[in-house]
Amino acid sequence: MSTKEERERIELLQGTLDLLILRTLLLGPAHGHAIAKAIEFKSDDVLQVEQGSLYPALHRLIKRAWISVEEGTSENNRRAKYYRLTAKGRRQLELETRKWDKLAGAIARILRPAE
Amino acid sequence: MWRRKRMMEELDADIREHIETETQDNLERGMAPEDARHAAMRKFGNVTRVKEDTREVWTIVWFEHLIEDIRFGLRMLRKNPGFTIVAVLTLALGIGANTALFSVVNAVLLRPLPFENSSRLVWSWGNCSLCDQAAVSPSDFTDYRAQSHSFEHYGAMAGENSLFNLAGGDKPIQIEGSMVTAGFFDALGIQPPYGRAFELSDEKTTDPQVVILSHHLWQNRFAGDPNVIGKSITLDDKTRTVVGVLANDVSVLSRADLWFPAPFQNQGMQSRRSHFLRPVGLLRRGVTISQAQAELDTIAARLGREYPVTNAGWGLRLEPLQSVLVGSVRRALLVLLAAVGLVLLIACANVASLLLSRNTVRRREIVIRTAIGAGRSRLLRQLLTESLLLALAGGAAGVFLAYAGVQFLKGLGPQSLPRLDEVNVSGAVLAFTFVTAIFTGILFGLGPALKASRRDLVQGLREGGAAGDSRSKHRAHGALVVAEVALSVVVLIASGLLLNSFWRLMRVHLGFDPANLLTTEVSLISPRYDDDRRRELFFHELQDRIQSASGAGSIGFVSELPLSGEADDTFFTIAERPLANPNDNRDADVRVIAGDYFGAMRIPLLAGRAFERQDSLESRKVVIVNEPFLKKFFPNENPMGKHLKIFEGKPEFVAREIVGIVGGNKHFALQESLRPAMFTPGSFMRMNVVVRSAGDPAMLTTAVRQAIRTIDPDEATSAFRTMGDVVSTSAAGDRFNALLLGAFGGIALLLTAAGIFGVLSYLVTQRTREIGLRMALGAQRPAVVRVIVGQGVRFALLGLCIGVVAAVVVTRWMSSVLFEVKPTDPLTFAAVAMVLGTVAFLASYLPARRAMRVDPMVALRYE
Chain A
22 MSTKEERERI ELLQGTLDLL ILRTLLLGPA HGHAIAKAIE FKSDDVLQVE
72 QGSLYPALHR LIKRAWISVE EGTSENNRRA KYYRLTAKGR RQLELETRKW
122 DKLAGAIARI LRPAE
Chain V
11 MWRRKRMMEE LDADIREHIE TETQDNLERG MAPEDARHAA MRKFGNVTRV
61 KEDTREVWTI VWFEHLIEDI RFGLRMLRKN PGFTIVAVLT LALGIGANTA
111 LFSVVNAVLL RPLPFENSSR LVWSWGNCSL CDQAAVSPSD FTDYRAQSHS
161 FEHYGAMAGE NSLFNLAGGD KPIQIEGSMV TAGFFDALGI QPPYGRAFEL
211 SDEKTTDPQV VILSHHLWQN RFAGDPNVIG KSITLDDKTR TVVGVLANDV
261 SVLSRADLWF PAPFQNQGMQ SRRSHFLRPV GLLRRGVTIS QAQAELDTIA
311 ARLGREYPVT NAGWGLRLEP LQSVLVGSVR RALLVLLAAV GLVLLIACAN
361 VASLLLSRNT VRRREIVIRT AIGAGRSRLL RQLLTESLLL ALAGGAAGVF
411 LAYAGVQFLK GLGPQSLPRL DEVNVSGAVL AFTFVTAIFT GILFGLGPAL
461 KASRRDLVQG LREGGAAGDS RSKHRAHGAL VVAEVALSVV VLIASGLLLN
511 SFWRLMRVHL GFDPANLLTT EVSLISPRYD DDRRRELFFH ELQDRIQSAS
561 GAGSIGFVSE LPLSGEADDT FFTIAERPLA NPNDNRDADV RVIAGDYFGA
611 MRIPLLAGRA FERQDSLESR KVVIVNEPFL KKFFPNENPM GKHLKIFEGK
661 PEFVAREIVG IVGGNKHFAL QESLRPAMFT PGSFMRMNVV VRSAGDPAML
711 TTAVRQAIRT IDPDEATSAF RTMGDVVSTS AAGDRFNALL LGAFGGIALL
761 LTAAGIFGVL SYLVTQRTRE IGLRMALGAQ RPAVVRVIVG QGVRFALLGL
811 CIGVVAAVVV TRWMSSVLFE VKPTDPLTFA AVAMVLGTVA FLASYLPARR
861 AMRVDPMVAL RYE
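See the structure below:
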């Protein structure tokens, strides 16, 4: 994939954000801002999430019962919502990850048939 | 839904919090406060759009879940075609019966009358000390119309139609004309599409000059030609001008072919004594019926002072037109509606117990869904979606059943049921069906769904989805069977009572013998029969000719045939017993007869003599009275030779000597008690012919028709009926009710039998291991059968007890539709208990036989 030097920013594919959120929450519950930061940081800032778009995605995941919400306080002692992966979400993540690997592999083979 | 609302409310705070945190981060990175905030905002993006997107998420996901549930539900239903078909058919039966009956109730009771402003239309009954549904005299009517201010329009129609010969075409046809006053069509809101309605000027004549054509006459005889307005037509050799045509027929009020204005200057229209007008008024906006009634009472009191001889004690009673037209069938229809509602409840109980059984089979699936994180509400929704799908499928199938049912009901339809031609499966009816289906789906689905979703996860997994056998599960099944039996007892008792009552009605003593009796009408409307004597001779000759041509038995003629709906009554006094107040007239039915009427009808002559031809030809002043008349007016007295002064439409009363006494007979309805009646000799222009035959009365029709033609070739003959038909038509309303309620009872019984059978079969399957174990331990087969049948019979007995108590409470409501049967008729109750007991026994015995065949080895290995 891209390297840090190219500093190319990639638009997220539809549904990919959901997957990234689930993956982020696999490490433990987090609040909205922290999730956005984590995604930016982990992707070496390549994946530039417009932070607002996180919220429709979070609500979608809640509605599907893949994540749950709980009240808590953030590092700087503010009231914040923590999002936590549910059992169902964990299964979904596995499923989606497998699908993603398959897709990515397939696309890679098509784009770089020589390798 | 509430969750979505809460989430959206909190979103604002979340977004604020997020931007705040980002700003803080930026500040820590050393940005200026202003820049830090801007950067954070920029990074977050468009706040409004985020909110919109988020809201959309909830809507979409809600839909996605719904579609997912529906798709899954359909798959489950397809996977169990047996279950699905039985459930859908059961529901279709219940919902279809309700839809069909509701379409009748809707058309007859609920839908406003087919008139403009129908809620303001009121009917006026003539009201006196002895009567409350009399007609109104023409002079009284014009006074009320002139003096009252409560009505926007006040008009009237004659209570009975007149017959006319309408010339033109190949040969004249006989038509019915109805006399109406100006204001009649205006009150009903009827504007002729061509021409005009009647005006007051049309009434200022001794002989009506103009007519309005009914829609059907206009269409059939005049091809719907608008140019008919202003043309002349010939009615009974007299010329009349067509001034209007109707766009629709007012079939709820009259079946007249044409309408003519009341000629108030005619001598016959100056009377306050002969009551024959039926007034209908359109209340002014804002005037209540009681205000109008108060005003009419004042006018009535004034008229009573002004004309004490004719008007003392007389008044008008207002009643909404809707209630006049459909009031009599209201109670019967509501009883039917209640019964069919109970049938639907029974169907619900059936499907609920099917669902309970199936949810047990599906327990493993439900447990797994719970284990992988399906919340209870989600599960509940899934199960309810399935129930609603079933209910909607049942509703759709029910609409087809209802459609067929409505055709059937209309075919069956008694004339006593008004507005039957308006009955159809309309939009309102479909809406009713839809709501009923949804309600039904929730009703039968919620209980089983709650029960299934409450299942304790750990226990569910441990039970592993097979023979686990908790008492509470059986209790739910048991409760459903008990409820079903109880409901069905109520329906069956109601239908039993009605059938019993109908059976008695059919066997009621009529006072005459309807078997082998042919009847038809003869109307001597040609002007050459204006002479009384010509008419007498016509009927004498007719009697002789029929007699010699056919060898028929007795032949007679009567002005009003029993049970045909025709009736006439009049005032009289007893000459030998002058009354203190000369206006205190008595009133009784009166009929004009000729030929051997009593002989033909087999009405027994109890004393004195029957009429002879000389009585009418020589105008002897004689009268025959019947037994009820005797009991009412001459108790403990010999009436023979006494004189009755009878009002016969002429200004003077006619004194007649009582020469005979006959037995009473049913005249209006089978239910009524025998009415006092007087018979006078004579021949009206229109008479009913009754011919007693030795065999099938239909064999005589040709001879009778021939006889009429031979005497007068111009005379049109009307349809022939047997007296048996007349009687059965008069009971058509009761037959309709009895048949429908009987059918509902049958459906209830069938569903209950299926319900008991289904539940016990299920319990036997569930208890296979237990039964196998018992048998392995030496239980005898009959003992096993006893256990299973015992369980079914116990359910049935409990249901029976509850049902009987409920029926005692509920059937009181039916007393007005029952004839000679008490609402707590012990025979009916006992019969229903017997029938239900037998059915419950059989429905339990079949599953028990299956249990008996259980092979202990197979049953134990089955686990």
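Sequence order for the protein chains is A and V.
Okay, so the first sequence: first residue is 22 according to the working numbering, each after it adds one.
Okay, so the second sequence: first residue is 11 according to the working numbering, each after it adds one.
Just so you know, even glycine gets a beta-carbon here, dropped at the ideal spot from N, CA and C.
Residues of the segment 54-77 of chain V with a C-beta less than 9 Å from any C-beta of chain A: Phe54, Gly55, Asn56, Val57, Arg59, Val60, Lys61, Glu62, Asp63, Thr64, Arg65, Glu66, Val67, Trp68, Ile70, Val71, Trp72, Glu74, His75, listed in chain order. Between Thr31(V) and chain A, the shortest Cβ-Cβ separation is below 7 Å. The beta-carbon of Pro77(A) is placed less than 7 Å from the nearest beta-carbon of chain V. Residue pairing by DSSP places Trp135(V) opposite Arg327(V) in a beta bridge. The shortest C-alpha to C-alpha distance from Gly291(V) to any of Lys53(V), Thr320(V), Pro271(V), Glu329(V) is the one to Glu329(V). With a contact defined as Cβ atoms closer than 8 Å, Arg863(V) and Val774(V) miss out at about 10 Å.
In the DSSP secondary-structure assignment, Val146(V) is bridged to Leu287(V). With fewer than 16 other Cβ atoms from the protein chains shown falling within 10 Å of its own Cβ, Leu837(V) counts as exposed. Rounded to the nearest whole angstrom, the C-alpha separation of Arg47(V) and His28(V) is 11 Å. Residues of chain A with a Cβ closer than 7 Å to the Cβ of His28(V) are, in chain order, Gly53, His54, Gln72. Between the alpha carbons of Ile812(V) and Ala496(V) lies a gap of roughly 6 Å. For Trp269(V), the beta-bridge partners assigned by DSSP are Ser188(V), Ile222(V). The alpha-carbon of Arg545(V) is positioned some 9 Å away from that of Arg538(V).
For chain V, none of the residues of the segment 118-130 of chain A brings a beta carbon within less than 7 Å of one of its beta carbons. Cβ-Cβ distances below 7 Å link Thr216(V) to Pro273, Gln275, Asn276 in the same chain, with the five nearest sequence neighbours on each side left out; the list follows chain order.
The alpha helix (DSSP H) runs of length 4 or more contained entirely in the segment 617-645 of chain V are, from start to end of the chain, 623-627, 637-643. Cβ-Cβ distances below 7 Å link Ala841(V) to Gly506 in the same chain, with the five nearest sequence neighbours on each side left out; the list follows chain order. Contact check between the segment 439-457 of chain V and the segment 392-402 of chain V: three or more CB pairs, one atom from each, fall below 8 Å, which counts as touching. Between Glu305(V) and Ser158(V), the CB-CB gap stays under 7 Å.
In this structure, the beta-carbon distance from Val602(V) to Thr580(V) does not fall below 7 Å. Bounds of the beta strand (DSSP E) holding Tyr164(V) are 161-168.
The three-state reading of DSSP puts Asn321(V) in helix, counting H, G and I together. Contact note: Leu21(V) reaches chain A through Tyr76, His80, using a C-beta cutoff of 9 Å and chain order. Setting aside the 5 residues that flank it on each side, Asp122(A) has no residue in the same chain whose C-beta is closer than 8 Å to its C-beta. Ser740(V): member of the alpha helix (DSSP H) spanning 733-740, first to last residue. Excluding its 5 nearest sequence neighbours in each direction, Asp724(V) has C-beta neighbours in its own chain below 7 Å: Ser536, listed in chain order.
The distance from the Cβ of Val377(V) to that of Phe112(V) is about 41 Å, inconsistent with a contact at the 8 Å cut-off. Counting C-beta pairs with one atom in each stretch, the segment 349-360 of chain V and the segment 147-161 of chain V have fewer than three that are closer than 8 Å, which means they do not touch. Taking a 10 Å sphere around the C-beta of Val568(V), we find 16 or more other C-beta atoms and assign the residue as buried. Contact between the segment 735-750 of chain V and the segment 602-618 of chain V is not established, with fewer than three Cβ pairs separated by less than 8 Å. DSSP places Lys58(A) within a helical segment (H, G or I) once states are collapsed to three. For the set Thr778(V), Gly782(V), Ile766(V), the Cα lying nearest the Cα of Val799(V) is the one of Ile766(V).
Excluding sequence positions up to five before and after Met824(V), its CB lies within less than 7 Å of the CB of Val345, Ala504, Leu507, Pro833, all in the same chain and listed in chain order. Runs of the alpha helix (DSSP H) lying entirely within the segment 538-572 of chain V and spanning at least 4 residues, in chain order: 542-560. With distances taken between CA atoms, Arg85(V) lies nearest to Leu393(V) out of Leu393(V), Val146(V), Val339(V). Between Asp722(V) and the set Leu335(V), Leu534(V), Pro148(V), the nearest pair of CA atoms involves Leu534(V).
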